[in-house]
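Numbering (my numbering), first residue to last: 1 to 485. Don't be surprised by glycine CBs; every beta carbon is placed ideally from N, CA and C. Remarks on the structure that follows.
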Amino acid sequence: MIFTTHIFLFYFLPAVLLAYYWLPFRARTTILALASYIFYGWANPWWALVMFWSTIVDYICGLALVRRAGLVIGPDGEYPAISRTAPRTRAMRRILWCSVASNLAVLGFFKYTGFALDNLRSLSQFLGLGESAVPALQIALPVGISFYTFQSMSYIIDVYRGDARPMRRLVDFCCFEALFPQLVAGPIVRYAHIAEQMRRRSHTYEKFARGVAFFACGMAKKLLIANPLALIADKAFAAGSLHWFDAWYGLLSYALQLYFDFSGYSDMAVGLGLMLGFLFIRNFDSPYRAHSITDFWRRWHISLSTWLRDYLYIPLGGNRRSPTRTYVNLMLVMLLGGLWHGAAWTFVIWGALHGLMLGLERSRGGAVYGALPGPLRVALTFLMVCLAWVFFRADSLPRALDYLAALFALRPLEPSAGFAAATMDSLYHRCIFVLAALIVWLCPQTWQFTAALTPVRALAVLALLVLSILFMWGQSENPFIYFQF
1 MIFTTHIFLF YFLPAVLLAY YWLPFRARTT ILALASYIFY GWANPWWALV MFWSTIVDYI
61 CGLALVRRAG LVIGPDGEYP AISRTAPRTR AMRRILWCSV ASNLAVLGFF KYTGFALDNL
121 RSLSQFLGLG ESAVPALQIA LPVGISFYTF QSMSYIIDVY RGDARPMRRL VDFCCFEALF
181 PQLVAGPIVR YAHIAEQMRR RSHTYEKFAR GVAFFACGMA KKLLIANPLA LIADKAFAAG
241 SLHWFDAWYG LLSYALQLYF DFSGYSDMAV GLGLMLGFLF IRNFDSPYRA HSITDFWRRW
301 HISLSTWLRD YLYIPLGGNR RSPTRTYVNL MLVMLLGGLW HGAAWTFVIW GALHGLMLGL
361 ERSRGGAVYG ALPGPLRVAL TFLMVCLAWV FFRADSLPRA LDYLAALFAL RPLEPSAGFA
421 AATMDSLYHR CIFVLAALIV WLCPQTWQFT AALTPVRALA VLALLVLSIL FMWGQSENPF
481 IYFQF
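Here it is, written out as structure tokens:
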């Protein structure tokens, strides 16, 4: 199910909100868990079973940690957190790794088996053994599996570390794992950030109104800006040949499309969470205003970058060891971050490019870069991010290299180049492009805009919501980009 459809907006969401506020608080978790499984299994019920398997394994592992730690139920009917200073036994470490391995196995099977077999077939053909030596296997990728797998792993890790209390009731954990607002495209809600909200949270008119404003802004980002920009980007990356200025127009359109599409979903997820009493973390903080690649990753997909930092980079040693080890840790984390996004060499290269740029910024070159004027640093950072987006967007490595060649006019033009440019160019799309750029670099963020809903802002939100609904009826179903991850 997609947020920007009439089924969700006029049937599913009103039904969930009515049932949620009609029931007592203790039953609200149950209705949210049930609604979330219906939401996720709408397109394919088997995907809900895959998610439920991960949920059961992590829930059992959490209870096993409780027993090994000797925890007893407190006066509030819940388990306390494991003491951070208490020693972790070998049995507790085995439970932790059992849960992590189970999650990674599910993610690896569905997301990377086909990628591995494709590469084995290529290797087999290179060695003269033929493609038939390796079987072909088509596996349907459950929507959002990367998001809820990382979210699920955060539970067992946070409980093991003593950062949050374990859950006693299975239905509570099912609700945390499958919470529909951010289930399929984030933000990745870490258990420690939401554990106490699962047990008690406030519901106010102000919070609900801000949630509606967040949802309306996110819907407008997706339908009014991201979707029109998608037409430009899709035409550009599908064209066989492009003039260099059309190639740049397509690439910049994709950079803006990706931001408005993904941040739009995050805004809608935060808005839905507020309507239900939850406060999720901010996932974007004006990333295209970043002064460096390091700063970019403090602002872009914050829930993923902080997850990788706290659960992978720091445990690997972070920057506490030698400079060489720091660079290795950075590269490893970014390579895995690239693979998290997709099972393709283009994503690996995208991650490697960001790892190299982060490493360069930590070297002496970073001091030279930091001495440049602020606006120039922002422009150079945006340029480097955009060039890396070529690998993120291209269907294959050869296509990515062809597009880079087109950006710098390094390949001859074909007769179809003019036709491709004509299909991308219209006054409407140029206006949307300019509007998107103005919003990115000049306007306040959704978090700032919704902080105080004055009458003028409330009217603006209402206008955005109505206009978005009108556009929704006129557009075909268009999933968010990050659904594929």
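Put simply, the stretch 281-297 does not touch the stretch 320-332. Fewer than three CB pairs are less than 8 Å apart. A residue is called buried once 16 or more other Cβ atoms fall within 10 Å of its Cβ, and residue 6, having fewer, is exposed. In the three-state reduction of the DSSP assignment, residue 78 falls in the coil class. Under the three-state reduction of DSSP output, residue 202 falls in the coil class, being neither helix nor strand. Taken atom to atom, the span from the alpha-carbon of residue 446 to that of residue 171 is near 32 Å. In this structure, the beta-carbon distance from residue 223 to residue 471 falls below 8 Å. Residue environment for residue 220: buried (at least 16 other C-beta atoms within 10 angstroms of its C-beta). For residue 227, the enclosing alpha helix (DSSP H) covers residues 227-238.
Counting C-beta atoms within 10 angstroms of its own C-beta, residue 450 has 16 or more neighbours from the protein chains shown and is therefore classed as buried. At a Cβ-Cβ threshold of 8 Å, residue 397 and residue 345 count as neighbours. In terms of Cα proximity to residue 98, the closest of 62, 85 and 110 is 62.
Secondary structure of residue 320 (DSSP, three-state): coil.
Within a 10 Å sphere around the beta-carbon of residue 151 sit 16 or more other beta-carbons, which makes this residue buried.
Bounds of any alpha helix (DSSP H) do not take in residue 394, whose DSSP letter is neither H nor E. One alpha carbon belongs to residue 140, the other to residue 466, and they sit about 36 Å apart. At the C-beta level, residue 284 and residue 189 stay beyond 8 Å of one another.
Here DSSP, grouped into helix, strand and coil, assigns residue 95 to helix. Nearest in C-alpha terms to residue 45, of all of 335, 1, 348 and 56, is 1. Around the beta-carbon of residue 73, fewer than 16 other beta-carbon atoms lie within 10 Å, marking it exposed. For residue 42, the three-state secondary structure derived from DSSP is coil. Taking a cut-off of 8 Å for Cβ pairs, the stretch 249-256 and the stretch 426-446 touch, as three or more such pairs fall below it. Within the same chain, and ignoring the five residues on either side of residue 66 in sequence, the residues whose Cβ sits closer than 7 Å to its Cβ are 79 and 166.
Going by beta carbons, residue 236 and residue 226 fall outside the 8 Å limit. Annotation: the stretch 399-472 contains the following complete segments of the alpha helix (DSSP H) (minimum length 4 residues), in chain order: 417-424, 427-442 and 446-449.
Straight across, the Cα-Cα distance linking residue 430 with residue 319 is about 44 Å. Unbroken alpha helix (DSSP H) stretches of 4 residues or longer found wholly inside the stretch 320-375: 323-341, 345-362 and 365-370, given in chain order. The C-alpha of residue 69 lies about 45 Å from the C-alpha of residue 260. For the pair residue 183 and residue 148, the CB atoms are nearer than the 8 Å cut-off. With respect to the C-alpha of residue 328, the residue from 385, 354 and 229 having the closest C-alpha is 354.
By the neighbour-count criterion, in which a residue is buried when 16 or more other Cβ atoms sit within 10 angstroms of its Cβ, residue 138 is exposed. If you compare the alpha carbons of 332, 460, 393 and 351 with that of residue 316, the shortest gap goes to 332.
Under a 10 Å Cβ-count criterion, residue 475 is classified as exposed, with fewer than 16 other Cβ atoms of the shown protein chains found around its own Cβ. DSSP places residue 261 in the uninterrupted alpha helix (DSSP H) bounded by 244-275. When rounded, the separation of the alpha-carbon atoms in residue 169 and residue 262 is 33 Å.
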